[in-house]
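Enquirer: When we follow this note's numbering, the leftmost residue of the sequence shown carries the number 22, and every step to the right adds one.
For each residue, glycine too, the CB sits at the ideal point set by N, CA and C.
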Amino acid sequence: MTPYPLESNRVSRITLAYFEDINMYDVDYSMADDFKWGKGLGCDFVLKSCYEFIKNRKSRGQDIEPFCDIPKEPKCAGYENG
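Here it is as structure tokens:
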């Protein structure tokens, strides 16, 4: 689900799986949204802190997307076709 108030409500497959696991709802996975933020960034993105993820990427000379180095720098989110 999305915590950002200006976005439409979106539900991920993992949220639907949670609802199904706790027997709260019968779910239809075809209704899940495809979240692209963080997609394909590997286990470090999910399992490490933001700080560790960025530090590891920088040490390997890799881009730190979806994070940034410069606070308040305007950017387009590539996954939103900006």
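Considering only the beta carbon of each residue, do V32 and M45 sit closer than 9 Å?
Expert: It is not a contact, given that the beta carbons lie outside the stated cut-off.
Enquirer: On the premise that P92 lies in contact with G59, defined as a C-beta separation below 8 Å, what is that separation, rounded to the nearest angstrom?
Expert: About 20 Å; that fails the 8 Å criterion.
Enquirer: Only counting the same chain, and skipping five residues up and downstream in sequence, which positions put a Cβ closer than 7 Å to that of L37?
Expert: Contacts found: V48, Y50, A53.
Enquirer: Could you give the residue range of the alpha helix (DSSP H) that holds F40?
Expert: Run containing F40: 34–42, per the alpha helix (DSSP H) assignment.
Enquirer: So D65 and F74 are in contact, right, with Cβ under 8 Å, and what is the actual spacing, rounded?
Expert: Indeed they touch by this definition, with Cβ atoms about 5 Å apart.
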